[in-house]
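Q: Top to bottom, those sequences are chains A and B.
Okay, so the first sequence: first residue is 1 according to our numbering, each after it adds one.
Okay, so the second sequence: first residue is 75 according to our numbering, each after it adds one.
By construction, the Cβ of each residue, glycine as well, lies at the ideal position given by its N, Cα and C atoms.
Could you have a look at this structure, given as structure tokens, before my questions?
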Amino acid sequence: MKVCVKLFATFRNDRFKEKVCEYQEGTMVSDVIKELDLPEDQLGAVLINARHVEADQELKEGDSLSIFPLVGGG
Amino acid sequence: MATLESFLKDAAQGDLVPWSSQVLAAQRFDLSLATVEGTILYLDLLPARYQRNRNMISIKQQRRLFNSHAVVIGCGGLGGYVLEQLARLGVGRITAVDPDTFEEHNLNRQLLSSPRLLGHAKVEVAASRITDINPAVTVVPVLAAFGEDNGVEIVAGADVVVDAVDNVPARFALANICGAAGIPLVHGAIAGWYGHVATQYPGDTTLQKIYSRFKNGKGVESELGNPSFTPGVAASFQVAEACKVLIEEGDALRHRKLHLNLLDMEVVDVPF
Numbered sequence: 001m002k003v004c005v006k007l008f009a010t011f012r013n014d015r016f017k018e019k020v021c022e023y024q025e026g027t028m029v030s031d032v033i034k035e036l037d038l039p040e041d042q043l044g045a046v047l048i049n050a051r052h053v054e055a056d057q058e059l060k061e062g063d064s065l066s067i068f069p070l071v072g073g074g
Numbered sequence: 075m076a077t078l079e080s081f082l083k084d085a086a087q088g089d090l091v092p093w094s095s096q097v098l099a100a101q102r103f104d105l106s107l108a109t110v111e112g113t114i115l116y117l118d119l120l121p122a123r124y125q126r127n128r129n130m131i132s133i134k135q136q137r138r139l140f141n142s143h144a145v146v147i148g149c150g151g152l153g154g155y156v157l158e159q160l161a162r163l164g165v166g167r168i169t170a171v172d173p174d175t176f177e178e179h180n181l182n183r184q185l186l187s188s189p190r191l192l193g194h195a196k197v198e199v200a201a202s203r204i205t206d207i208n209p210a211v212t213v214v215p216v217l218a219a220f221g222e223d224n225g226v227e228i229v230a231g232a233d234v235v236v237d238a239v240d241n242v243p244a245r246f247a248l249a250n251i252c253g254a255a256g257i258p259l260v261h262g263a264i265a266g267w268y269g270h271v272a273t274q275y276p277g278d279t280t281l282q283k284i285y286s287r288f289k290n291g292k293g294v295e296s297e298l299g300n301p302s303f304t305p306g307v308a309a310s311f312q313v314a315e316a317c318k319v320l321i322e323e324g325d326a327l328r329h330r331k332l333h334l335n336l337l338d339m340e341v342v343d344v345p346f
């Protein structure tokens with residue numbers, strides 16, 4: 001299935017801004033996070049089609065997955 | 075002898091009272107500049123320093139700003155710009171909270187810092203700066219780190235609280251305490267080229283959701299640092315929000331977060 005993955009801020013570094021990726025049925029958000037080697041302790045908001053999701057959420061054909069890092073400075 | 079009211083009415087040019095007359099009134103009637111400013115606004119006149127506000131902020135709203143109390147938590151990157159803009163806007167009472175003194179690594183971005191002020195308490199510098207740019211503002215410096223232990227006391231009586239802290243645990247404490255106290259909270263955070271802003275009213279949990287995955291430590295700012303421009307951008311968004319909260323205008327950034335990316339020049343509206 002095809003899923004559009006959008007990365008924000010520092011998560012784009014050495015990766016990409018937006019990419020249509022091919023995944024097997026049953027792939028979860030956590031699998032994508034692992035595959036992209038996104039640091040767990042820097043994870044901020046994770047959304048599928050503009051709705052917040054947990055890491056165990058399964059992806060579906062045509063989903064748009066957005067992943068933001070945690071920003072906390074002042 | 076003329077009353078304060080008649081003195082101010084006579085001094086007005088149109089409906090604008092010049093700063094020199096405000097100072098003279100304070101001296102002649104032995105009053106604070108704040109009291110005179112309150113009287114000017116009560117008379118439906120406008121201190122001339124706010125004349126460029128007036129096509130977006132009415133005299134009634136300017137009076138409202140004068141009668142408002144904003145509490146700014148953090149006087150560093152975000153806080154310096156927030157304090158400057160709130161004071162120029164005409165918010166009558168500002169509490170500035172920070173436990174730190176200025177250090178050399180602050181100089182690249184913190185508006186209130188300068189080499190001669192290294193080692194000085196940030197809140198004392200903030201109070202001095204605010205008094206310099208708008209002496210009619212009552213400023214209360216609080217040399218303390220905001221936390222669950224002292225937070226209730228610090229935000230008591232505030233009409234709006236601005237989150238300009240540099241760590242997530244303090245932000246959780248702020249969100250919880252402001253929520254319980256019924257005070258709107260304007261949240262901002264920055265890291266390198268990036269930042270975000272959100273406004274949270276009592277009962278909302280946007281901030282708790284933004285940091286729901288936080289475990290400990292810092293965000294990406296720990297490796298990115300912060301340049302000179304990101305604090306100013308995020309802080310200006312925060313002050314626009316605080317202004318709207320106080321004068322009840324426009325649409326607040328509620329149930330959403332504005333993600334700012336100055337590297338790719340993107341603004342993304344993220345629902346929460």
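What's the C-alpha gap between A/L59 and A/A50?
A: 13 Å
Q: May I ask which residues mark the beginning and end of the beta strand (DSSP E) holding A/C4?
A: 2–7
Q: Among residues of its own chain, excluding the 5 on either side of A/I48, which ones have a beta-carbon nearer than 6 Å to its beta-carbon?
A: These residues qualify, in order along the chain: D63, L65.
Q: What span of residues does the alpha helix (DSSP H) with A/S64 cover, start to end?
A: Counting along the chain, A/S64 falls outside any alpha helix (DSSP H), though it belongs to the beta strand (DSSP E) covering 64–69.
Q: From the DSSP output, in three-state form, read off B/Q274 for me.
A: Annotated three-state conformation of B/Q274 is strand, per DSSP.
Q: In terms of DSSP beta bridges, what is A/K19 paired with?
A: A/V5
Q: In three-state DSSP terms, what is B/P215?
A: strand
Q: Cβ closer than 8 Å: which chain B residues qualify as neighbours of A/V32?
A: Within chain B, no residue comes near A/V32; the closest Cβ sits about 15 Å away, beyond 8 Å.
Q: Whose Cβ in chain B lies nearer than 7 Å to the Cβ of A/F16?
A: The contacting residues do not exist; A/F16 stays about 12 Å from chain B at best.
Q: If I follow the unbroken beta strand (DSSP E) through B/I133, where does it start and stop?
A: Where B/I133 is concerned, there is no enclosing beta strand (DSSP E), although the alpha helix (DSSP H) it sits in stretches over 133–140.
Q: Buried or exposed for A/K34, going by 16 or more other Cβ atoms inside 10 Å?
A: So A/K34 ends up on the exposed side.
Q: So which residues of chain B does A/D41 contact, with C-beta pairs closer than 7 Å?
A: K289, G291
Q: In chain A, what lies closer than 8 Å to B/H333 by C-beta?
A: F8, A9, F68
Q: What are the partner residues of B/L90, as DSSP defines its beta bridges?
A: B/Q87, B/L120
Q: Go through its chain and collect everything with a Cβ distance to B/A218's Cβ below 7 Å, but skip five positions before and after it.
A: V171, P173, N224
Q: Taking only the alpha-carbon atoms, compute the straight-line gap between B/G112 and B/F140 and give it to the nearest angstrom.
A: 7 Å
Q: Report the residues of the segment 48–68 of chain A with a CB closer than 7 Å to any CB of chain B, ordered along the chain.
A: Within the segment 48–68 of chain A, the qualifying residues are A50, H52, F68.
Q: To the nearest angstrom, how far is the alpha carbon of B/L337 from that of A/K17?
A: 12 Å
Q: What residues from chain B crowd round A/V71, counting only those whose CB sits closer than 8 Å?
A: A263, I264, A265, Y268, G269, H270, G293, V294, E295
Q: Tell me B/H361's beta-bridge partners as DSSP assigns them.
A: Beyond the ends of chain B as shown, which are 75 and 346, falls residue 361 of chain B; an answer cannot be given.
Q: Report, in whole angstroms, the separation of the C-beta atoms of A/V75 and A/V29, which I expect to be a contact under 8 Å.
A: Because chain A spans 1 through 74 in this model, residue 75 of chain A falls outside it and cannot be assessed.
Q: Output, in chain order, the set of chain A residues within a Cβ distance shorter than 8 Å of B/N250.
A: None at all; the shortest Cβ gap to chain A is about 16 Å.
Q: Taking the C-alpha atoms as reference points, what is the distance between B/A255 and B/A249?
A: 10 Å
Q: Classify B/D233 as buried or exposed, calling it buried when 16 or more other Cβ atoms lie within 10 Å of its own Cβ.
A: buried
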